[in-house]
Structure formats: C-alpha cells, structure tokens
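One structure is given below, encoded as structure tokens.
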Amino acid sequence: MVSNNLFLEILLILIKIAVVLGIVLLHAAYTVYAERKIIGRMQARLGPTEVGPYGLLQPIADLLKLLTKEDIIPLEAERLIFLVAPLIVLTFAIVNLSVIPFHPSFIIADVNIGILLILAGASLAVYGIILGGWSSGSKYSLLGGLRSAAQVLSYEIPLGMSLAGVILAAESFKLSDIVNHQAQSFFGMNAIPQILGFIVFLICAFAETNRAPFDLPEAESELVAGYVTEYSGFRMGMFFLAEYISIYVMSLLIVHCYFGGWTLPGWLLTIFPPLKFVPAPLILLIKVYFFVFLFIWVRATYPRYRFDQLMSMCWKILIPVSLLNFLIVAFLKRGGF
Amino acid sequence: MARPLFMSIFLLLFLALFLLLFRQKKVVYQFLVYLVMMVLLGIVYLFLGSEFLMAFQIIVYAGAILVMFLFFLYLYPEEEFKIQDMRNSTLIKTLIPSLLFVITLILILFTFDVREYEASASVYSVKELAKLIYNQYPLAIFLLAFILTYPMIAIYLLMKGSESDD
Amino acid sequence: MINYSFFAGEKVFYLIASIIILSGFYLLFTKKNLLLAILALEIVFNGINLMFATVSFYYGDLTGQMIVLLSLSVAAASFAIGLILVLNYYRLKRSLNIEGMTELRERIEDGDRDGND
C-alpha cells in the first residue's frame, strides 16, 4: 500500500529532525559551558579550566556525571507523575523547534499557524513544572511549582499581545512569511517601528524561560532549588536541557519576529554593499548567538525580582504597553508603511 | 484514506480515557485525564478544518484555564476532595437521566440528515473566518473583547488573593 | 470487513462529543465538591463546542466556528469568576462541600432540624 514516494518523504523528514536535534543539543550542551565561562569572567573568575584545553570537554564530563548518578525517587513522591514530569517539559520544548525555519528552504513543518503552535507548546510545558513541583512531596518544590504557574500564566498574555503586532504587520501566522515581509518592508526589521513590542517580548521571554531576573520558581536563596529540589541524576539533567533549548527557541523567535531572521535590512545593504555576500545561515547564527549572550549577560548583571513586583509589572506595565504597541502598528499599517 | 483511520484512533483514545476516568480515585489523576482529553479535542478540531480553533483551544483552554484550575487544586487541603457520594442509588438517579439525554441527543443527530442545507462559505481559513467576524458580527466580536477583560481582572485578583492569604 | 464510511462522516464526531459530555456529567455527579463542579460544567461546555464545530464543517457554514470562539471566551470568563467565588466561599465557610450550601433555605428553629427533606 505504501508508495515509494511517501517512504522517501518520511525519510527526508526524519533526516531533517535528526539534523535539527543534533545541532540544537550540541548548542545546548555548549551553552552551559559558555554560561559558566562568561559569568566567571564577569565576576573576575576563570570558570571551568580542568577538563580538556580551556575546559572545553566540561559538557561531556557533566553529561557522564548526570547519566551515571543514582535516580532517587523520594518516599513522599507521587511516583508516576514524578517520573513523567521532566519528560513533559523536554518534549514540549523540543516540539517548538519543529515549526521554526532555519533557512528559507529548511523547515521541518511549514504550518499555517506556526507562531500560535509555539505559544501553545510554551503554555503546555508549564504542566511539567507544576506537576513535577507538586509530585515531589516537598514544600519547596510545591512553592516553586505554584510560583511558576502564576508567572507563566501572567506573562503569556503580554507575550501574545506583543506578537499580535508582528502578526498584524505581516498578515500571516507563518514564521517564513513574517521574515519575508520584514525584508520587503520600509524599515527592514520589525524592531524599529515596534520597539515597544520588542522590549515587552524580550522581558516576557526571560520570564517564560524562568531565567534571571525572573527565576523565582527556582530561586536558590529562598526555595532550595524550586521544583528541581527533589530531582537527581538524569531527570534533573532533562529539566536543564529543556531550559537551554527553550532559550534557543525564544532567541530564534525574537530574531525571526523582530530582527528579520536570515535577511539583512535593505538600507544597510545600500550603505555597505559587500554584506550581500554573507550567507543566510551565518546571519541567523550571529543574531541568535547575540541573544543567547544577552540571556547570560542579564543573569550576571541583574538582581532577582520580588514576587509582587513581578506580578504588578506584568499587569500594570507590560499589558498596557503591548496594547499601545498594537495600536501603533495598526496606525502605521493604515499609513501604508 | 487517512481520515477514517485517524478518526477511529481518536474515538478509541477518547473511549479509553473515559474508561480510565472510572478507575482513578485521586482528583489530580482525574484532572490529568481531562487535560489529555482537552488537548486531544484541540487536535480533533484540526480534522474539522479549523487550525485557529485548535490553537485557541490549546492556548486559552489547556494552557491558561486548566493551569489556573490546577493552581487552585493545590491551594486547598486534600481532604476537601475526598467527599465522594458512593451511594449507588444516587449515582443511578443522576447518571440515568444524563445517559438518556445523551443517547436521545445522539439518536436525533444520527437520524438528522438534511443535505440540502445552504452553504454560506466553502473555504476554511483563518482569513475567511476573520472576514466573517468583522463583516457580519462586529457586535459579537466587541462583546468577546469586553468579556475577555473579565478573566484578566479575575486572574489578577486571584494572584493578589493567594499572596495575601499566607 | 469493517465499514470505513462511518469514520469518514460527521457521526464519529458526535460520538466523541457525547463521550466528553458524559465524562463531565460523571465528575459532576460523583464528587460533591464546589471546585470540581465548575470543572465538570466546563467539560460539558467543550463537548457542545465540538458539536458546533462539526456542524459548521459538514454543512459549510463558518458561523459555527464563530460561536465556538465566542463561547470559549465566555467559558474563560465564567471560569475565572467562578474560581474567585469559590475562593471567597471557602474563606467564609472553611469547606467546599456542596451539601453545606443551604443558606437560602428557611431557617429552622433548633429542635427538629434534620438535613433531609
């Protein structure tokens, strides 16, 4: 029954998935190394130096350590949910990668509603954190999970609202359409007319990935390690892997929605023509690396927010500002930009 | 060819989840069954040609409303959820009318086969839906926007309430 | 040989919708809890939404999808407000039992006060 053509198509998709997973997992592993090195330098330390030249083999040593450690399940834990929770977080973090284009011709699934699928994946991944926190049977874990629920629930709204401006400008939910629209538009990238939306999106991206300065769910000084307190071995590693993958997803989303993805703005090319010869993947890679660096930089610089400050900032500042951004985009659209 | 296969799989999945519901004693597990049902319902919408509804169902329903509910489930002591009406007479008294209702509904829907219904639109896309909404139902969309401000205020109050509680 | 045409038509969607509605009823009738009652009603809501979307697809009328959008947002609003009401009820009564909600009943003087009618 299965035709030869269908078989080839499935094989092609499998190869694409393998390539994307390989690249992203390697990047996630070395982002841990980069984070330790960069934060070390910013705090006048050296960071890891022992394993390999300049400590370059440190991620592999970490991986071996996590794999060989004992997987402890607490007595108080709800066994099934405790075992499944890290898998939920990791799965939905990886699913988000499938709708993101990496090159004009390289995308696993070019679906109609790419942006909405990423939002859906991000909102479903929260369940892993809440359930993991609750099923550990520890007070610190439960508090971390509840904080995470409140935080992500609140920050999903300004995130979606700031993306609404981008969608209105491009008249499409497809990420590749959004990138192409920016390349043809007057400003060359969405970040210039929608600077308010970009700032809101950046802040919400920090909150969605549970990174500093919004790392309240795993605040070391208040809750031992939040929802990861009771996890050990490879399951803890899954949580961390999911966190670093979602940093990459958010950076890719920022680059695609506000900085033109793999294209450079037209006015920059007229000022400096040799930039035309830079290959598209390199442009994307440099932009993504910058935002990953920004994630690490902010962690080393800013102190943590208090919980009520976090909530009031979301509801009293970010949501009105993102609505204002939406209105500005609507008027620009009417003006013909 | 693929559609009947997928639909039969979905029907079996829903049946399995329904039977699983009877086996669960703990509230959180029952809630998880409902959660899986709602996410699957979003995928079923995909087979009805409306990707937008699927996204709306998963983002708003599974992603926001049910997270809010789970938040509440942990706020209350666990003994509150153990009050269960185990008397069989009450169960029969209540379940039989609802079963009758659902069966008659199904019977009416199965025998109702009017094919000469006038189709107003044949294209299924987000843009078509948006055109319909903004051209024919401006009042409804205004109401919708107005109503959606309620949960926002409500969530804010909830978060404040749970903070000041302890 | 199984007849596949049943699974290609709209009737399988009605079956799925009825399963969702029944599972909502099951929770509503077995648990005497205010919070779970709200959840159960929302589940029933979803089953009816699926019927709307089915009819909208098979009879070619986009109004059905429109109604689902509207009712989903109404459900979101009613859910949030219902949760706040439950929170305040719990603060007053320290209990979530539905059977304790007898405030509207005529107050009986102490003496012959039994819970049943």
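From first to last, the protein sequence lines stand for chains P, A and D. Position in the first sequence (from 1) plus 41 gives the number in our numbering. Position in the second sequence (from 1) plus 44 gives the number in our numbering. Position in the third sequence (from 1) plus 1162 gives the number in our numbering. Glycine included, each C-beta is placed from N, C-alpha and C at the ideal position.
If you draw a 10 Å sphere on the C-beta of residue 276(P), you find 16 or more other C-beta atoms in it, and that means buried. Between residue 226(P) and residue 151(P), the C-beta spacing is not below 9 Å. Between residue 241(P) and residue 292(P), the gap from beta carbon to beta carbon reaches 9 Å or more. Interface residue (Cβ-Cβ distance to chain A less than 9 Å): residue 46(P) is not classified as such. Under DSSP, residue 68(P) forms no beta bridge with any residue. Residues are counted here when their Cβ sits less than 8 Å from a Cβ of chain A; for the stretch 1240-1254 of chain D these are 1241, 1242, 1243, 1245, 1246, 1248, 1249 and 1252, given in chain order.
At the C-beta level, residue 1208(D) and residue 118(A) stay beyond 9 Å of one another. Residue pairing from DSSP places residue 147(P) in a beta bridge opposite 144(P).
Contact of residue 1203(D) with chain A is not assigned, every C-beta pair being separated by 9 Å or more. For residue 179(P), there are no neighbours in chain A by C-beta distance under 7 Å, as the nearest C-beta there is about 13 Å away.
Considered as a whole, the stretch 1188-1268 of chain D harbours 1196-1220 and 1225-1255 as its complete alpha helix (DSSP H) runs of no fewer than 4 residues, in chain order. Judged by their CB atoms, residue 182(P) and residue 173(P) are nearer to each other than the 9 Å cut-off.
The C-beta distance from residue 138(P) to residue 61(P) rounds to 6 Å, short enough to meet the 8 Å contact threshold. Sequence-distant Cβ neighbours of residue 239(P) in its own chain, meaning closer than 6 Å and more than five residues away, are 232 and 299. Per DSSP, residue 285(P) is one residue of the alpha helix (DSSP H) stretching across 274-299. In chain order, 149 place their CB closer than 7 Å to the CB of residue 58(P), counting only its own chain and leaving out the 5 sequence neighbours on each side. A contact is defined here as three or more CB-CB pairs under 8 Å, and the stretch 52-68 of chain A meets this definition with respect to the stretch 1171-1184 of chain D. The C-beta separation of residue 61(A) from residue 80(A) comes to about 6 Å, placing the pair in contact by the 8 Å criterion.
The Cβ of residue 84(A) sits no closer than 9 Å to any Cβ of chain P. Interface criterion met: the Cβ of residue 1215(D) is under 9 Å from a Cβ in chain A. Excluding the 5 residues flanking it on each side, residue 81(P) has same chain C-beta neighbours closer than 7 Å at 87 and 88, in chain order. Taking 9 Å as the cut-off, the beta carbon of residue 302(P) is found closer than this to the beta carbon of residue 223(P). Listed by position along chain P, the residues whose Cβ is nearer than 9 Å to that of residue 152(A) form an empty set, because the closest Cβ is around 34 Å away. If the five residues before and after residue 278(P) are omitted, its C-beta is found closer than 7 Å to the C-beta atoms of 107, all from its own chain and listed in chain order. Assignment of residue 162(P) by DSSP, reduced to helix, strand and coil, places it in the helix class. Distance check between residue 184(P) and each of 171(P), 196(P), 195(P) and 194(P) places 171(P) closest, using alpha-carbon atoms only. Taking 9 Å as the CB threshold, residue 1228(D) lines the interface with chain A.
Using a CB distance cut-off of 9 Å, residue 103(A) counts as an interface residue toward chain P. DSSP places residue 51(A) in the uninterrupted alpha helix (DSSP H) bounded by 46-67.
Counting along the chain, no alpha helix (DSSP H) covers residue 235(P), and no H or E run does either.
In the structure shown, the three-state DSSP call for residue 375(P) is helix. Within chain D, the residues whose beta carbon sits less than 8 Å from that of residue 92(A) are 1175, 1215, 1216, 1218 and 1219, listed in sequence order. A straight-line Cα-Cα distance of about 8 Å links residue 89(A) and residue 1212(D). At a Cβ-Cβ threshold of 9 Å, residue 1254(D) and residue 120(A) do not count as neighbours. Residues of the stretch 178-209 of chain P with a C-beta atom less than 9 Å from some C-beta of chain A are 183, 186, 187, 190, 191, 193, 194, 195, 197, 198 and 201, listed in chain order. At least one beta carbon of chain A lies nearer than 9 Å to the beta carbon of residue 1237(D).
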